[in-house]
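2 protein chains.
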Amino acid sequence: MASTTVENYLKQLYLEQQALAGGELVPMGRLAAAMTVTPGTATTMVKALAEANLVAYEPRTGVRLTRAGEQLALHVLRRHRLVELFLVEVLGLDWSEVHEEAEHLEHAISDKVLERMDALLNYPAVDPHGDPIPTAKGKVSSPRLRTLAQVEPGTSARISRIADQEAAFLQFLRRAGLTPGVEVGVEARDAQADQVKVRLGGKPVTLGTAAAAKILVEEA
Amino acid sequence: MASTTVENYLKQLYLEQQALAGGELVPMGRLAAAMTVTPGTATTMVKALAEANLVAYEPRTGVRLTRAGEQLALHVLRRHRLVELFLVEVLGLDWSEVHEEAEHLEHAISDKVLERMDALLNYPAVDPHGDPIPTAKGKVSSPRLRTLAQVEPGTSARISRIADQEAAFLQFLRRAGLTPGVEVGVEARDAQADQVKVRLGGKPVTLGTAAAAKILVEEA
DNA sequence: ATCTCCTCTTTGAGTAGTCAAAGTCATTGT
DNA sequence: ACAATGACTTTGACTACTCAAAGAGGAGAT
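Keeping their order, the protein sequence lines are chains A and B.
For the first sequence, the residue numbers in this note's numbering are 1 to 220.
For the second sequence, the residue numbers in this note's numbering are 1 to 220.
In structure tokens, the structure reads:
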């Protein structure tokens with residue numbers, strides 16, 4: 001069985017790979033930063049993961065999950081995201097706090113309990129942040145989404161996913177009403193002022209480009 | 001924060017202390033057996049716990065929880081038992097399998113989640129096996145109960161608690177209908193044949209003394 | 001009174017994960 | 001072309017937990 005630590009490395013590696021999009025290798029520095037360990041620690045760990053055939057490692061270049069590693073990572077992610085939704089839907093916790101909780105629970109939940117939660121939640125497709133929940137078989141749907149910063153002014157879009165788990169950011173979004181499912185109209189975009197102006201249900205909201213880039217949308 | 005390992009030692013020590021009843025020290029051998037580690041490992045660990053003022057340790061005699069250690073143990077036990085009940089009541093798991101699940105979850109649940117579960121379950125007093133759930137403040141009610149093996153033939157009693165978490169034993173009890181809350185009449189007791197005959201709702205059941213001793217009852 | 005046995009403790013060693021700091025390598029700028 | 005820079009790897013060391021095996025202590029049997 002994979003230890004909690006191994007599960008975390010694989011999960012983080014999966015997320016970094018996604019962030020890189022293309023088939024590139026994840027540089028060690030990124031992985032080390034994501035895991036908040038020193039680079040030496042990441043190197044040591046990755047060598048062990050490569051030994052176990054969970055990753056392919058190119059020294060001084062980077063690292064990538066093998067199929068086996070990816071399956072394991074997706075299983076961890078499935079637990080994480082189902083737990084998050086469960087905490088919100090069943091226990092009534094706030095959107096902004098479930099990520100931290102799930103970070104621990106994802107390693108302690110058996111498959112049996114996981115499938116019960118899945119059934120109780122009626123086999124949901126996405127977690128409270130709009131992130132897709134991998135299936136038990138390890139499949140994820142990941143539609144290509146644009147960010148709110150890329151939407152042409154004058155058009156509107158539906159928020160589908162938040163690409164940041166920071167509690168403070170999520171609390172801001174909830175207060176602003178910028179939650180998955182909500183329809184927003186983009187009014188103006190100003191690269192110089194680093195701003196995007198949107199309108200939701202009549203109310204205007206101004207966001208920095210960096211914040212808008214963390215809000216993924218489907219265009220109408 | 002106490003590690004998972006430390007939490008388990010404290011919890012097990014609490015349970016062993018209870019089993020001993022009197023104020024005696026728990027011998028190292030018992031603790032080592034309960035933790036399924038070698039005696040040397042238990043000695044090492046107990047010395048570390050004593051250093052942290054969680055236990056009082058008398059070399060070659062035994063070990064006992066300090067007040068601080070007991071509070072921590074009760075907090076772990078509270079998590080364990082609330083989780084068990086939650087798994088049965090909310091996720092519909094079987095009585096016999098929740099102990100194992102809770103064994104892992106008890107270390108991953110935050111206070112916030114715990115209190116939500118407590119509220120959702122309407123502040124229960126006992127877990128699915130009839131074991132009392134300590135309060136958040138660390139109080140436990142432990143009424144003096146007799147075992148089914150001690151009940152006088154001719155009288156009847158109500159099952160209140162099962163002092164064994166073995167899945168196979170619990171499955172047997174469920175099939176036999178010997179679950180907490182059930183009223184049984186004791187018909188005969190035979191020390192020589194090592195048997196207790198009971199009747200529940202008309203049906204007769206015969207148990208060995210050892211099994212009957214693991215069923216705690218309130219007498220009518 | 002002492003021998004025996006069993007229980008407990010000590011010692012030496014190993015695994016998993018981590019860091020600090022020294023060493024190596026490739027790229028980048030001149 | 002080559003020195004400087006920054007990213008990565010290596011090395012040595014530490015913590016937490018564990019076991020196997022050798023050593024010590026005490027309680028009962030003779």
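From the three backbone atoms N, C-alpha and C, an ideal C-beta is built for every residue, glycine too.
Predicted model, so just to flag it, every value in this text is computed and none were measured.
### Message
Is it buried or exposed, alanine 149 of chain A, if we count other Cβ atoms within 10 angstroms and call 16 or more buried?
### Response
buried
### Query
Does leucine 85 of chain A have its Cβ less than 8 Å from a Cβ in chain B?
no
#### Entry: threonine 147 of chain B (DSSP reduced to helix, strand or coil)
strand
### Message
I'd like to know whether the C-beta of histidine 93 of chain B is nearer than 8 Å to at least one C-beta of chain A.
### Response
Note on identity: in this sequence residue 93 of chain B is leucine, with histidine being the wrong assignment. Yes, leucine 93 of chain B lies at the interface with chain A (some Cβ there is under 8 Å from its Cβ).
### Query
Where does leucine 49 of chain B fall in DSSP's three states?
helix
### Query
What is the DSSP secondary structure of glycine 130 of chain B, reduced to helix, strand or coil?
coil
### Message
For a test of the three-state rule: what should DSSP assign to lysine 197 of chain B, helix, strand or coil?
### Response
strand
### Task
For isoleucine 159 of chain B, collect the residues of the same chain with a Cβ closer than 7 Å to its Cβ; drop the 5 residues on either side in sequence, then sort them by chain order.
Leu178, Thr179, Pro180, Gly181, Val182, Val184, Ile215, Val217
### Query
Taking C-alpha atoms, which residue in A:Gln171, A:Thr4, A:Ala167, A:Arg161 lies nearest to glutamate 219 of chain A?
Nearest C-alpha to glutamate 219 of chain A: A:Arg161.
#### Entry: alanine 191 of chain B - DSSP class collapsed to helix/strand/coil
coil
### Query
Per DSSP, leucine 207 of chain B is paired with what?
DSSP, once it has assigned bridges, lists B:Val196 as partnering leucine 207 of chain B.
### Simplified DSSP state of arginine 60 of chain B, which is helix, strand or coil
coil
### Task
For valine 6 of chain A, return the contacting residues in chain B, with the cut-off set at a CB-CB distance below 9 Å.
Correct list: empty, because the minimum Cβ distance to chain B is about 16 Å.
### Task
Have a look at arginine 81 of chain B and valine 46 of chain B and give me their C-alpha separation to the nearest angstrom.
25 Å
### Query
Between the segment 115-130 of chain A and chain B, which residues of the former have a C-beta closer than 8 Å to a C-beta of the latter?
Arg116, Met117, Leu120
### Message
Taking 8 Å as the limit between beta carbons, can you name the residues of its chain near leucine 120 of chain A, skipping five residues before and five after?
### Response
Phe86, Val90
### Message
I want to verify the contact list: residues of chain B whose CB lies under 9 Å from the CB of valine 113 of chain A, in sequence order.
### Response
Leu87, Leu91, Leu93, Glu101, Leu105
### Query
Over what stretch of residues does the alpha helix (DSSP H) that includes valine 271 of chain B continue unbroken?
The structure shown does not extend to residue 271 of chain B, since chain B is modelled only from 1 through 220, so no value can be given for it.
### Query
Pairing CB atoms from the segment 49-69 of chain A with CB atoms from the segment 23-31 of chain A, are three or more of them under 8 Å?
yes
### Task
Name, in chain order, the residues that DSSP records as bridge partners for valine 140 of chain A.
Bridge pairing for valine 140 of chain A: absent [DSSP].
### Query
Is the Cβ of serine 110 of chain B closer than 8 Å to any Cβ of chain A?
By this cut-off, serine 110 of chain B is an interface position.
### Task
Check whether the Cβ atoms of valine 196 of chain A and serine 156 of chain A sit closer than 8 Å, and answer yes or no.
no
### Query
Out of curiosity, what's the CA-to-CA distance linking valine 55 of chain B and threonine 43 of chain B?
12 Å
### Task
Return the chain-ordered list of same chain residues with a C-beta closer than 7 Å to the C-beta of glutamate 97 of chain A, the five sequence neighbours on each side being excluded.
Leaving aside the five residues that flank glutamate 97 of chain A on each side, the residues in its chain whose CB is nearer than 7 Å to its CB run, in chain order, Ala167.
#### Entry: 3-residue-minimum beta strand (DSSP E) runs that sit fully inside the segment 56-107 of chain A, ordered along the chain
62-65
#### Entry: Delimiting residues of the beta strand (DSSP E) encompassing alanine 168 of chain A
Note, alanine 168 of chain A: premise wrong, no beta strand (DSSP E); alpha helix (DSSP H) at 167-176.
### Message
DSSP three-state label for alanine 157 of chain B, please.
### Response
In this structure, alanine 157 of chain B counts as strand in the three-state DSSP scheme.
### Query
Rounded to whole angstroms, how far is the Cβ of glutamine 17 of chain B from the Cβ of valine 26 of chain B, which I believe are closer than 8 Å?
6 Å
### Query
Nearest-angstrom Cα distance between aspartate 111 of chain B and glutamine 192 of chain A?
46 Å
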